[in-house]
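Worksheet for the structure shown next.
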Amino acid sequence: MSALGNSTNIFWHECPVGQVERQKLINQKGCVVWITGLSGSGKSTLACTLGRELHYRGKLSYILDGDNLRHGLNKNLGFSAEDRTENIRRVGEVAKLFADAGLICIASLISPYRKDRDACRALLPDANFIEVFMNMPLELCEGRDPKGLYKLARSGMIKGFTGIDDPYEAPLNCEIEIQQKNGVCPPPNEMAGEIASFLEKRGFLQA
Ligand SMILES: Nc1ncnc2c1ncn2[C@@H]1O[C@H](COP(=O)(O)OS(=O)(=O)O)[C@@H](OP(=O)(O)O)[C@H]1O
Ligand SMILES: Nc1ncnc2c1ncn2[C@@H]1O[C@H](COP(=O)(O)OP(=O)(O)O)[C@@H](O)[C@H]1O
83 MSALGNSTNI FWHECPVGQV ERQKLINQKG CVVWITGLSG SGKSTLACTL GRELHYRGKL
143 SYILDGDNLR HGLNKNLGFS AEDRTENIRR VGEVAKLFAD AGLICIASLI SPYRKDRDAC
203 RALLPDANFI EVFMNMPLEL CEGRDPKGLY KLARSGMIKG FTGIDDPYEA PLNCEIEIQQ
263 KNGVCPPPNE MAGEIASFLE KRGFLQA
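Per this note's numbering, the very first residue in the sequence shown carries number 83; after that it's consecutive.
Here it is as structure tokens:
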């Protein structure tokens, strides 16, 4: 019996079919690929390309995209520091469940605060949390501006926009950092291939 947060008198129920059994069934190991970076840095594009690459290889994955989750699970949250922290906490917990189910969970969120990303990492065995930093310059992201949000932020119509008047804390010890090469952003399939190779080498693509 334990007391956690606001819940008291709660019990953990073990089930005979666990993560190991599920992983054997689908011949892969559950983990979380956490993609962080500025708006417009290419997180969602990379998440989808990696999902497709894993699908081709016969591996089950699921994408948790910040923008999409704010249409449902997180629709009561805004962009204050507290709400972003709660957003990341919830997604970290959901990602942990997907990894426990045996899936390769691809989370793509700005996740601007280091302590929040580290808290998600701490929910899993360290090796099972693969942090990918989309290290693209603000000028590139702002130049892309596919949703016109940077323009609105510059004009003051959006307050607290990450990279403009709200902070982004770059990872200090991420597993994979993606940068421009000779001033050019690598194509999404090249980045996805790099992550898939990492997963293969670390043994996640077999049980
Ligand atoms: N103030 C502010 N700052 C940053 N981003 C904003 C803001 N307002 C709206 N948006 C849109 O919300 C998307 C980011 O959602 P996330 O859940 O990933 O953000 S966070 O991790 O909680 O910071 C982000 O999507 P991406 O461009 O895909 O990153 C924006 O489209
Ligand atoms: N590797 C890439 N090279 C060139 N353009 C890209 C690349 N990745 C994404 N883009 C483009 O950049 C814009 C932002 O990408 P998106 O994946 O929506 O970023 P985020 O999810 O970080 O906001 C889109 O218009 C997308 O087509």
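Backbone N, C-alpha and C define an ideal beta-carbon position, used for all residues, glycine too.
All values reported here derive from a predicted model rather than from experimental measurement.
Is the beta carbon of residue i less than 7 Å from the beta carbon of residue j?
i, j, result
"residue 282", "residue 213", "no"
"residue 132", "residue 274", "yes"
"residue 287", "residue 141", "yes"
"residue 147", "residue 190", "yes"
"residue 245", "residue 220", "yes"
"residue 267", "residue 120", "no"
"residue 242", "residue 161", "yes"
"residue 196", "residue 251", "yes"
"residue 104", "residue 225", "no"
"residue 130", "residue 181", "no"
"residue 270", "residue 118", "no"
"residue 144", "residue 187", "yes"
"residue 170", "residue 198", "yes"
"residue 151", "residue 178", "no"
Just checking residue i against ligand 3 - is the residue's beta carbon closer than 6 Å to any of the ligand's heavy atoms?
i, result
"residue 121", "In terms of ligand content, the structure shown lacks ligand 3 and carries ligand 1 and ligand 2 instead."
Would you call residue i buried or exposed, if buried means 16 or more other Cβ atoms sit within 10 Å of its Cβ?
i, result
"residue 216", "buried"
"residue 110", "buried"
"residue 139", "exposed"
"residue 204", "exposed"
"residue 96", "exposed"
"residue 277", "buried"
"residue 92", "exposed"
"residue 116", "buried"
"residue 136", "buried"
"residue 279", "exposed"
What does residue i pair with, by DSSP beta-bridge criteria?
i, result
"residue 145", "188"
"residue 215", "118, 259"
"residue 113", "186"
"residue 92", "84"
Which full runs of the alpha helix (DSSP H) of 4+ residues lie inside the segment 224 to 279, going along the chain? 231 to 236
Going along the chain, which unbroken runs of the beta strand (DSSP E) with 3 or more residues stay wholly within the segment 127 to 183? 143 to 147
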